[in-house]
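All remarks here apply to the structure that follows.
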Amino acid sequence: MTMSLAGMGTAAAQNYPRYPSVGSPYVPLDSWVYPAIERLAALRSANTAFLGMKPWTRLECSRLVDDAEELLGEDSSALPEVLELVHSLKEEFAPELDILGGGRNRSLRLESLYGRVAGIGGTPLTDGYHFGQTLINDFGRPFREGVNAQLGFSGWATAGRFAIYVRGEYQHSPSAPALSDGIRNLIAQVDLNPVQPAKPFATINQFRLLDAYVSLNLESWEFSFGKQSLWWGPNEGGSLILSDNAEPVLMGRISRSTPFKLPSFLGLLGPMKVDMFFGKLEGHNFPPRPFIHGERVSFKPTPRVEISFARTVVFAGVGHPFTFGTFFRSYFTLPGQAQNNGAQDPGDRRLQADFSYRLKDWLTLYNSFFWDDAIRRTAFNPGVYLPRLPGLSKLDFRAELVSTDVVPDSNGVQQGQLIYWNVVYRDAYQNKGFLLGNWVGRQGRGIQVWSTYWFSPRNTIQVSYRRGWVNPLFIPGGGQLNDFAVRAEWLVRKDLSVSTGMQYENWNYPVLSPTTKTNVTTLFQVTFHPRWTIH
117 MTMSLAGMGT AAAQNYPRYP SVGSPYVPLD SWVYPAIERL AALRSANTAF LGMKPWTRLE
177 CSRLVDDAEE LLGEDSSALP EVLELVHSLK EEFAPELDIL GGGRNRSLRL ESLYGRVAGI
237 GGTPLTDGYH FGQTLINDFG RPFREGVNAQ LGFSGWATAG RFAIYVRGEY QHSPSAPALS
297 DGIRNLIAQV DLNPVQPAKP FATINQFRLL DAYVSLNLES WEFSFGKQSL WWGPNEGGSL
357 ILSDNAEPVL MGRISRSTPF KLPSFLGLLG PMKVDMFFGK LEGHNFPPRP FIHGERVSFK
417 PTPRVEISFA RTVVFAGVGH PFTFGTFFRS YFTLPGQAQN NGAQDPGDRR LQADFSYRLK
477 DWLTLYNSFF WDDAIRRTAF NPGVYLPRLP GLSKLDFRAE LVSTDVVPDS NGVQQGQLIY
537 WNVVYRDAYQ NKGFLLGNWV GRQGRGIQVW STYWFSPRNT IQVSYRRGWV NPLFIPGGGQ
597 LNDFAVRAEW LVRKDLSVST GMQYENWNYP VLSPTTKTNV TTLFQVTFHP RWTIH
């Protein structure tokens with residue numbers, strides 16, 4: 117393994133001939149691996165990582181580790197933080213590194229067994245589509261005031277070009293009273309839907325699959341089918357177009373696991389990756405059972421720059437037949453083009469453009485621009501990441517702004533009907549009641565900051581702050597929330613990790629409560645990593 121991809125201009129960067137076409141499962145989006153590789157990339161030691169297109173397969177992660185190790189061999193002044201990151205990642209992906217070296221790809225592995233308890237004292241926000249959401253980016257797990265718990269497992273099998281991955285968990289959340297008449301009437305008014313009956317929220321005790329799929333690798337193209345999570349964008353707080361805020365979507369997916377270059381002068385765009393899917397949404401009433409598809413393409417014209425374009429469309433469903441015409445129009449009409457809400461309707465279309473730019477090895481800037489049907493109305497989500505602070509090499513810092521508070525035009529469109537809403541698909545950009553995109557919701561603004569102290573790649577403590585506002589022209593009286601949180605992740609021993617944290621939240625939504633409400637969430641999770649593998 118002597119070829120390096122650092123220069124981005126070699127034949128290896130175009131074709132990657134040394135990486136075998138073998139089945140490999142995706143790394144879960146809540147894994148410690150992603151922040152570790154993102155920090156490695158910000159420190160200029162993972163130049164070929166496409167940070168805005170996740171998840172990555174385990175083989176893709178091993179490729180990034182392999183490339184980082186080659187760069188270290190050429191750099192005698194590598195930072196201690198970089199050395200620690202590479203060492204920990206090499207341990208995690210040792211089986212895949214062996215496959216890169218010609219090893220056999222046939223295994224059955226139990227990845228994890230875990231139990232988690234989230235106790236919520238006080239009234240939480242559980243409706244991010246209208247008001248706000250106390251717990252975000254949590255795979256659509258149900259939560260209410262009281263004790264919420266999950267008990268789960270994950271594992272995979274690989275054989276040649278094939279892979280199977282299963283992650284499932286038993287979930288419990290307490291009951292809650294029905295929404296008041298006033299709140300149900302308000303929701304019906306802003307969504308333009310019939311008023312729904314008053315139904316208490318029942319206690320939930322259920323087994324649910326999260327990411328669970330089969331996949332086939334053909335010349336570095338991953339074909340997969342099953343429930344899958346996607347995160348499209350460089351942001352940490354939540355991608356505007358697709359995040360893990362909602363339960364994974366049942367989909368068929370084609371994704372490029374290894375970057376490639378276009379021929380001729382198009383090669384100036386640099387290495388690129390492609391991701392596309394076709395899926396079915398659940399939990400919808402207006403209309404029920406719609407479909408969704410999405411496409412994303414990313415380029416790295418230089419090792420410092422990543423530019424991406426993504427699109428999703430919600431279409432068909434009950435009352436809107438799935439035909440060749442509706443299928444064709446959903447792919448070949450873009451936001452900003454004429455829309456017909458009748459038989460010729462092209463679906464509920466969204467478009468995102470984002471970029472990230474690394475300034476040497478101390479600062480990364482990024483932004484996402486998002487359009488929902490009308491190009492002239494733009495949401496945005498800029499951020500900044502410092503992988504180490506001056507004089508505090510183990511401490512990082514990240515901050516992001518986000519706004520979907522766009523100005524309506526003069527054609528009668530109301531606030532709240534601009535982002536994540538559609539006149540035909542009135543609860544469209546959700547899956548089982550949770551937003552597919554950013555927690556800020558339909559007509560809001562927000563700010564988030566994080567700072568993590570890295571004792572080691574597997575042992576961290578993070579403090580964070582989140583503030584969100586809802587436009588009073590959408591929800592009468594508006595609303596705001598403030599979250600203060602601290603969280604620790606600790607590897608107790610090689611096969612056992614502990615995650616614990618606490619979040620204090622206060623919120624003020626006059627339509628929900630005449631006084632400010634507070635809640636405190638305490639989180640404790642134990643994960644056993646047995647690494648039981650049968651070859």
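With the numbering used here as the guide, the letters of the sequence shown map in order to residues 117 to 651.
Where is the CB? At the ideal position from N, CA and C, for every residue including glycine.
From a predicted model like this one, the values you see are computed outputs, not experimental measurements.
Contact check, residue i vs residue j, beta carbons under 8 Å
i	j	result
Asp521	Arg561	yes
Arg547	Glu363	It should be pointed out that residue 547 corresponds to Asn in this sequence rather than to Arg. Yes, the pair counts as a contact, with Cβ atoms nearer than the cut-off.
Pro626	Gly593	yes
Glu605	Asn351	no
Gly189	Lys633	no
Gln564	Gly353	yes
Arg466	Ile357	yes
Gly553	Ser355	yes
Leu224	Ala273	yes
Tyr230	Gln641	yes
Thr173	Ser373	yes
Glu261	Ile299	no
Ala162	Leu145	no
Gly244	Leu597	no
Pro503	Ala194	no
Gln468	Gly584	no
Gly395	Phe431	no
Leu589	Thr616	no
Met672	Phe393	Outside the displayed range of the chain (117 to 651) lies residue 672, so it cannot be described from this structure.
Ala234	Thr637	yes
Assigned exposure category for residue i - 16 Cβ within 10 Å defines buried
i	result
Ala210	exposed
Asp327	buried
His203	exposed
Ala318	exposed
Pro437	exposed
Asp182	buried
Glu335	exposed
Glu285	buried
Phe568	Note that residue 568 is Thr in the sequence shown, not Phe. Buried is the call here.
Val315	In the sequence as displayed, the identity of residue 315 is Lys instead of Val. With fewer than 16 Cβ atoms within 10 Å of its Cβ, Lys315 is classed as exposed.
Phe444	exposed
Ala631	Here residue 631 is Thr; the residue named in the question, Ala, does not match the sequence. Thr631 comes out exposed.
Ala152	buried
Ile650	exposed
Arg609	exposed
Gln322	exposed
Three-way DSSP call (helix, strand, coil) for residue i in this model
i	result
Gln559	coil
Asn163	coil
Thr118	The pLDDT assigned to Thr118 is 33, lower than 50, so where the model puts this residue is not dependable; a value taken from the coordinates is nonetheless given after this. Thr118 falls in the coil class under three-state DSSP.
Ile303	helix
Pro417	strand
Ser147	coil
Tyr142	strand
Asp112	Given a span of 117 to 651 for the chain in the structure shown, any question on residue 112 remains unanswerable.
Glu335	coil
Ala157	helix
Leu639	strand
Ser345	coil
Ala127	Only weak support is given to the placement of Ala127: the predicted model assigns it a pLDDT of 35, under 50, and the question is left unresolved by the model.
Lys170	strand
Glu352	coil
Ile357	coil
Glu228	Inspection of the sequence shows that residue 228 is occupied by Ser rather than by Glu. Strand at Ser228.
Lys206	helix
Glu516	strand
Thr428	strand
Glu363	coil
Ala184	helix
Cβ-Cβ separation, residue j to residue i (assumed contact under 8 Å), whole Å
i	j	result
Pro258	Ser289	4 Å
Val138	Asn264	Wrong, their Cβ atoms sit about 39 Å apart, outside the cutoff.
Ser446	Val421	31 Å between Cβ atoms; not a contact.
Ala507	Tyr482	According to the sequence shown, residue 507 is Gly rather than Ala. So it is not a contact: roughly 25 Å between Cβ atoms.
Leu167	Ser472	6 Å
Ser519	Phe485	11 Å between Cβ atoms; not a contact.
Lys416	Pro379	Between Pro379 and Lys416 the Cβ distance is about 17 Å, and since that is not below 8 Å, they are no contact.
Gly271	Glu227	5 Å
Gly549	Gly399	5 Å
Leu199	Lys206	Between Lys206 and Leu199 the Cβ distance is about 11 Å, and since that is not below 8 Å, they are no contact.
The stretch 543–558 in contact with the stretch 571–581 per 3-pair CB rule at 8 Å: no
Validate contact between the stretch 400–408 and the stretch 326–341 using beta carbons, cut 8 Å, 3 pairs: no
Cβ pair count under 8 Å reaching 3, the stretch 220–229 against the stretch 238–256: no
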